[in-house]
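These notes concern the structure reproduced below.
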Amino acid sequence: MKKLFVSISLLATTLLLVTGCKSAKLKNGEEKVVGFDGGKVTADTLYKSLKDKYGINVLIDLMDHELLDKEYKTTNEETTQINNQIAQIKQGYQDNEEGFNQAIKQYFGASNESELRDMLSLDYKRNEAVKDYVAKHIEDAEVEEYYNSKTIGKITARHILIKPETKDNMNEDEKKEAEEKAEKEARDIIKQLKDGKKFESLAKKYSDDAGTKKDGGKLEEFDNESDMDENFLEAAAKLEVGKYTEEPIKSQYGYHIILKEKEKDKPTLKKVKENIKKTLAEEKLQNSTTLQYEALNGYREEKGLKFSDSKLKKEYKKYMDRLINSVQNSGN
Numbered sequence: 021m022k023k024l025f026v027s028i029s030l031l032a033t034t035l036l037l038v039t040g041c042k043s044a045k046l047k048n049g050e051e052k053v054v055g056f057d058g059g060k061v062t063a064d065t066l067y068k069s070l071k072d073k074y075g076i077n078v079l080i081d082l083m084d085h086e087l088l089d090k091e092y093k094t095t096n097e098e099t100t101q102i103n104n105q106i107a108q109i110k111q112g113y114q115d116n117e118e119g120f121n122q123a124i125k126q127y128f129g130a131s132n133e134s135e136l137r138d139m140l141s142l143d144y145k146r147n148e149a150v151k152d153y154v155a156k157h158i159e160d161a162e163v164e165e166y167y168n169s170k171t172i173g174k175i176t177a178r179h180i181l182i183k184p185e186t187k188d189n190m191n192e193d194e195k196k197e198a199e200e201k202a203e204k205e206a207r208d209i210i211k212q213l214k215d216g217k218k219f220e221s222l223a224k225k226y227s228d229d230a231g232t233k234k235d236g237g238k239l240e241e242f243d244n245e246s247d248m249d250e251n252f253l254e255a256a257a258k259l260e261v262g263k264y265t266e267e268p269i270k271s272q273y274g275y276h277i278i279l280k281e282k283e284k285d286k287p288t289l290k291k292v293k294e295n296i297k298k299t300l301a302e303e304k305l306q307n308s309t310t311l312q313y314e315a316l317n318g319y320r321e322e323k324g325l326k327f328s329d330s331k332l333k334k335e336y337k338k339y340m341d342r343l344i345n346s347v348q349n350s351g352n
């Protein structure tokens, strides 16, 4: 998810000054934070000035911290992801700490690594909240449709992969020729299967999948929740047990011949319902440029979001509307 909001450090410091320190009370009840000959600055004046200039951006960070830090405790997965993100940024700067600090200030608005970690942590937790919110609002009818049309039992299969010998410096005609050559080789293998050759033997001889070749193309069990190419998964699901594909199956890796050896009964709807919701939520988020922001808005409202300050309430609505319209227009 893109970085949504700015750092909380400025307002956090301000709130400490305004609310965390003892200050003199004036006759009208206001608190004086600064005084000098012939004048003063009150806490109310400071608050109003900062609210008008920085309020809504920083307020959103503060309230999301309040909501999300309690519900989404920091996990090893979150820490690992943030460490990887920071390591990737540091790669371009090696031992140049000053260059790194300048870069994160320019691109993230963070004054140091600790503040950057705080920002990345908030983004991670927002992502988690968005996914959970969208999954929670998936309709039962959508779940049932997915279950009936896509959920399958665990499949045991073998495959033979023929990779096109393409290179980055090839032109389109050369790449097309390499694709056609790979497809023809896959068809020749299918012909050998029809002539009675054993699948395992042909896999050991011809397959370009180094991980399964020695074992006759044997794959680990998989189903629709596995990280399999969509075309491959669809073809395997349609096959009868004991049959192989009589046409090469094109995937992102090349051309496959698939032999289906076994298929278990698919799990009950009750058992996979939550996983289906998560899958559908991910699909919805991938297919919408605005859903992540709408979901964050909905999440806050479900948590009882209320504004005591009517001006901030209006600014919040304007900010979220502007954000949603901006990403909507950028996608057109």
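21 is the number of the first residue of the sequence shown in the working numbering; add one for each residue after it.
We treat Cβ as the ideally placed atom computed from N, Cα and C, and that holds for glycine.
Here the structure is a predicted model, which means the values were calculated and not measured.
Taking the straight line between their C-alpha atoms, what separation do you get for residue i and residue j?
i	j	result
K293	K151	15 Å
S43	E322	For S43, the pLDDT reaches just 48, beneath the cut-off of 50, and the residue's location in the model is therefore unreliable, leaving the point undetermined.
R342	M83	19 Å
C41	D64	Note on C41: pLDDT 47, under 50, position unreliable in the model; no value is reported.
D229	L222	12 Å
Q114	E97	25 Å
S350	L332	27 Å
R207	P268	7 Å
K326	T309	26 Å
L5	E91	The requested residue 5 is not part of the displayed model; the chain covers only 21 to 352.
N317	T265	48 Å
L181	I210	12 Å
M356	F242	Lying outside 21 to 352, the shown extent of the chain, residue 356 is not represented and no answer is given.
A315	A155	10 Å
K291	Y167	11 Å
P353	Y226	With the chain covering 21 to 352 only, the question about residue 353 has no answer from this structure.
Can you name the residues that DSSP bridges to residue i?
i	result
L279	R178 and Y264
I269	H276
F327	In DSSP, F327 forms no bridge with anything.
K238	R178
Could you give the residue range of the alpha helix (DSSP H) that holds residue i?
i	result
A257	E250 to K258
G100	First, the residue type needs correcting, since residue 100 is Thr and not Gly in the sequence shown. N96 to Q111 is the span of the alpha helix (DSSP H), which, as asked, contains T100.
F219	F219 to Y226
L140	E133 to K156
I172	I172 -> no alpha helix (DSSP H), and no H or E assigned at all.
T299	L289 to Q306
K286	First-last for K286: undefined, no H or E at that position.
K196	E192 to K214
N4	Because the chain is modelled from 21 through 352, residue 4 falls outside the range shown and cannot be assessed.
V232	One detail in the question is off: residue 232 reads as Thr in this sequence, not Val. Here the alpha helix (DSSP H) through T232 covers A230 to K233.
E185	Unbroken run through E185: none, as it is neither H nor E.
Y92	Looking at the DSSP string, Y92 is not in any alpha helix (DSSP H), and its letter there is neither H nor E.
Could you say which of the options lies nearest to residue i if we only look at CA atoms?
i	options	result
S169	N244, P184, K125 and T99	N244
L253	E165, I172 and Y153	I172
L213	K201, Y167, K263 and D188	K263
Q272	T232, N251, H157 and E164	N251
K304	N132, L87, T176 and I158	I158
D81	K337, T99, R146 and A123	R146
D89	Y144, I269 and N132	Y144
E148	K110, T100, K93 and D188	K93
E220	H85, G236, E185 and K337	G236
K110	T95, L136 and L87	L136
A301	K225, V261 and E162	E162
K234	K224, N132 and K298	K224
I344	M190, K297, Y319 and Y313	Y313
*Below 8 Å, can you find three or more Cβ-Cβ pairs linking the stretch 100-107 to the stretch 138-149?*
Output reads yes: the stretch 138-149 touches the stretch 100-107.
*For the stretch 116-136 and the stretch 276-289, state whether three or more C-beta atom pairs, one from each stretch, are separated by less than 8 Å.*
Put simply, the stretch 116-136 does not touch the stretch 276-289. Fewer than three CB pairs are less than 8 Å apart.
_Between the stretch 283-298 and the stretch 171-191, can you find at least three pairs of beta-carbon atoms closer than 8 Å?_
The stretch 171-191 is in contact with the stretch 283-298.
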